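Notes follow the structure.
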Amino acid sequence: MTDAAPKRSWLNPIIAALLVAALQTAALGYMIEGRASILRNGREILLKTVPVDPRDLLRGDYVILSYDISRLEPELFKGDLPAQSEETTLYVRLNKQIDGFWQATEASFQPLPTLGDSVLLRSQPFSYYPTSPPSAVTVDYGIERFYVPEGEGRVLEEARNAEALSVSVRVDDKGQAQIREIAINGAPIYQEPLY
6 MTDAAPKRSW LNPIIAALLV AALQTAALGY MIEGRASILR NGREILLKTV
56 PVDPRDLLRG DYVILSYDIS RLEPELFKGD LPAQSEETTL YVRLNKQIDG
106 FWQATEASFQ PLPTLGDSVL LRSQPFSYYP TSPPSAVTVD YGIERFYVPE
156 GEGRVLEEAR NAEALSVSVR VDDKGQAQIR EIAINGAPIY QEPLY
């Protein structure tokens with residue numbers, strides 16, 4: 006009986022370490038699968054990029070992307086606007102245009118219903134400050150950075166600034182988006198792998 010007690014005391018830290026490792030692996034797998042699920046099953050939309058201030062073009066090994074749907078004019082807003090400053094999320098309805106790009110046609114601080122062939126995109130949380138009269142709101146969707154191999158961002162920057170860069174995005178039914186492909190003048194340059 007005296008031999009069992011020492012064995013149990015050194016087994017407890019090993020079991021605890023294995024449990025922690027299993028939980029960390031499960032959490033990482035959940036995050037990776039969530040992203041892959043959007044890329045695999047999400048609805049595809051094509052977005053037009055707009056130039057960005059040249060002082061923020063390339064930081065390390067990613068390119069900053071901005072879209073025409075990132076700045077939403079007041080006439081797009083439906084429903085009540087927040088009366089005071091708050092951290093909030095914006096819901097944006099996109100509809101496909103004749104040129105193949107998707108454009109914002111409606112925005113709301115409350116969830117929007119699904120309508121026809123439109124796609125609903127949800128912004129990242131942001132701080133909203135009401136103005137009178139209401140002014141344009143700039144939002145991020147979590148697709149504003151695209152990582153490239155070191156030193157290869159210049160081509161994308163130049164294409165973006167010439168408005169020749171387009172981004173294919175997959176959107177899931179919750180409004181979360183993931184970049185699927187980057188193209189210059191319609192020719193794919195980078196395609197995001199599932200894993």
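Using the working numbering, read the sequence shown as starting at 6 and increasing by one per residue.
By construction, the Cβ of each residue, glycine as well, lies at the ideal position given by its N, Cα and C atoms.
Being a predicted model, the structure only gives us computed values, none of them experimental.
Taken in chain order, the unbroken stretches of beta strand (DSSP E) that lie wholly in the segment 107–176 and span 3 residues or more are 107–113, 124–127, 131–133, 150–152, 170–176. Taking all protein chains shown into account, TYR134 has fewer than 16 neighbouring C-beta atoms within 10 Å of its C-beta and is therefore exposed. Distance from the Cα of GLY147 is smallest, within the candidate group SER132, VAL174, ALA167, ASP85, for VAL174. In this structure the segment 120–133 does not touch the segment 156–165; the number of beta carbon pairs closer than 8 Å is below three. Shown here for ALA88: same chain residues with a beta carbon closer than 7 Å to its own, the five before and five after excluded, namely PRO135 in chain order. Under the 8 Å Cβ criterion, the segment 25–35 does not count as touching the segment 108–119, having fewer than three qualifying pairs. Counting along the chain, no beta strand (DSSP E) covers ASN190, and no H or E run does either. Remark: C-beta atoms of LEU95 and TRP107 do not approach each other more closely than 9 Å.
Assigned with DSSP and collapsed to three states, THR30 falls in helix.
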